[in-house]
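In the working numbering, the protein residues as written are 169 to 329.
C-beta: ideal position from N, C-alpha, C; glycine also.
Owing to the predicted nature of the structure, the values given are computational and were not obtained by experimental measurement.
In structure tokens, the structure reads:
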């Protein structure tokens, strides 16, 4: 950068940054139209449309090893912000994420090996933590619009935050 011109104002981009999210949204609309797919758009606090989701939740079941007596036989964890709950009772552990089945559809492959194993209570807690982490948004740009793909209806669903 030239030291003589660095104090001058620099152009942001061809489009102002304020218009970029709307341009991305318009691109998704155009892409769904070009691919002959339907797109539904709603606000974050709109009620969900049941016909767009195959299941209202992602449910996982794990076997628990009960030999370690240092741990209680019952454990319960929930997170109201992520809409998830998990509990362990005896030799079974259940994790339910109320996400329209999206986690099960897109992230279940990460936990297939765990479903055939008998988990220690701490391993079960680690799996719960990992699934809750999956439910959080790690990319700041993704907080503006969330897109869901519904294969049976061939529809893209955009939730505008």
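Which of the three DSSP states is assigned to residue 245 in this structure?
strand
Could you tell me if residue 259 is buried or exposed, where buried requires 16 or more neighbouring beta carbons within 10 angstroms of its beta carbon?
exposed
Which residue from 177, 206, 290 and 192 puts its Cα closest to that of residue 321?
In terms of Cα proximity to residue 321, the closest of 177, 206, 290 and 192 is 206.
Any idea if residue 203 is buried or exposed, counting beta-carbon neighbours within 10 angstroms, 16 or more meaning buried?
Burial call: exposed.
C-alpha distance - residue 280 paired with residue 292, whole-angstrom precision:
If I take the Cα positions, the gap works out to 14 Å.
Would a C-beta distance cut-off of 8 Å place residue 275 and residue 246 closer than the cut-off?
no
Mind checking whether residue 287 and residue 239 have CB atoms under 8 Å apart?
Residue 239 sits away from residue 287, with the two beta carbons spaced by 8 Å or more.
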